[in-house]
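So in numbering that gives the first Met the number 0, spot 278 of the sequence shown is number 277, and the numbers just go up one at a time.
A virtual CB, placed ideally from N, CA and C, is assigned to each residue, including glycine.
Heads up, the thing below is written out as structure tokens.
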Amino acid sequence: MSVNVYFAAGAAHWPAYRAPLEQALAEAGVEAVLSDSVDRPEEVDYIVFSPGGEISDFGPYRNAKAVLNLWAGVENIVGNATLTQPLCRMVDPAMTEGMVEWVVGQVLRHHLGTDLHVLNQDGIWRHDRAVPPIARERPVAMLGLGALGQACGQALAALNFPVTGWSRSQKEVPGIRCLSGRAGLDEALSGAQIAVLLVPLTAETENLLDARRIALMAPGAFVVNPGRGPLIDDAALIAALDGGQLAHATLDVFREEPLPPAHPFWAHPKVTVTPHVASETRPATAARVIAENIRRGETGAPFLHQVDRTRGY
Ligand code: NAP
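As structure tokens, then:
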């Protein structure tokens, strides 16, 4: 029997996702009718979703077996009281690769002090710097050891950065010193020269990086945030940059997106703003994850990457 799959992830995404989804569903052996519009919501079996998509009230989709999010983060949907169906987030192997590239790129930029030369092509031969540290002398705190944090942490460890990872539950990840719990967070940040934030936004993680925790880091440390904007106390961050405790912050995510043109981050000399581009879901690989979850739903197997609503991620 054929299943009805409703693509409710925004009209702008439909052209890029339609063919990959059709192909992935066929490869998974799922007979499906895929559509970007519905007349009878009660006949929809699976909803492919992203925040800002077509649905805010899931009530009419009362027979849907799952809502399959195209994004990794679910903070804008997990609290929707009308959403009673299983909710799955996206763990896309290509998005993970893209995040590894972005995080390693930002960490190496700060580690190597690349800006000094790239931004000053002015005829001055700046050869008077002290010998810079090599990676093994530059401790990194990786906050979050999920799909993305583990991959990024291991890539940095492979370059010899001493990586301390932090997560809610205790982990064992080759090459990474793993800590958990609130005390573990303080220990992970203590003396860190670079902190990378890859935890989800939940009630527990808001303002995770506050003034007290920033002060635990090594003087002149760097912050790289591809996680979510509210993970950082913005006022504390600016104070730490102005006071010299932090040397630079590279921020990809913000409390308000797009970041308003008048926001102080844009003009701050020690802040780099990127417009939520650290890594995006890629249609070809994400379609396979969606199709596999529909196949699982139809065969009674547990869904991949199902969100735990009580945890919020
Ligand atoms: P994930 O697999 O769910 O991993 C989340 C990690 O954070 C896990 O290690 C989890 O601990 C930890 N964590 C959650 N709450 C915690 C808490 N209260 N205390 C300590 N650790 C906690 O998520 P992911 O796929 O790696 O993605 C992480 C985040 O990256 C997403 O939620 C999203 O916000 C962001 N993201 C951004 C972009 C971008 O382009 N900027 C792209 C994709 C994703 P456990 O392992 O114990 O559960």
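In the pairwise beta carbon analysis, the region 212-219 is classified as not touching the region 114-124: fewer than three pairs are separated by under 8 Å. The count of Cβ pairs closer than 8 Å, one atom from the region 182-201 and one from the region 140-149, reaches three, so the stretches are in contact.
If you compare the alpha carbons of Ala248, Val276 and Tyr45 with that of Leu33, the shortest gap goes to Tyr45.
Between the region 245-257 and the region 223-230, the count of C-beta pairs closer than 8 Å reaches three or more; the two stretches touch.
Closest option to Ala134, judged by alpha-carbon separation, among Ile193, Thr81 and Lys269: Ile193. In this structure the region 276-290 lies against the region 88-104, because at least three pairs of beta carbons, one per stretch, are closer than 8 Å. Judged by their CB atoms, Phe302 and Pro85 are nearer to each other than the 7 Å cut-off.
In chain order, Pro229 and Leu230 place their CB closer than 8 Å to the CB of Glu205, counting only its own chain and leaving out the 5 sequence neighbours on each side. A distance criterion of 6 Å places the beta-carbon of Ala156 beyond contact range of the ligand NAP, judged by its closest non-hydrogen atom.
Residue pairing of Thr249 in beta bridges, as defined by DSSP: Val223 and Thr271.
Here Asn3 is bridged, per DSSP, to Val32. The C-beta distance from Glu186 to Val2 rounds to 48 Å, too long to fall under 8 Å, and the pair is not in contact.
Apart from the 5 residues on each side of it in sequence, Glu291 sits with its Cβ closer than 7 Å to the Cβ of Ala27 and Leu303 in its chain, given in chain order. The Cβ atoms of Val43 and Ala63 lie closer than 7 Å to each other.
Membership of Asn68 in the beta strand (DSSP E) is indicated by the continuous run Ala65 to Asn68.
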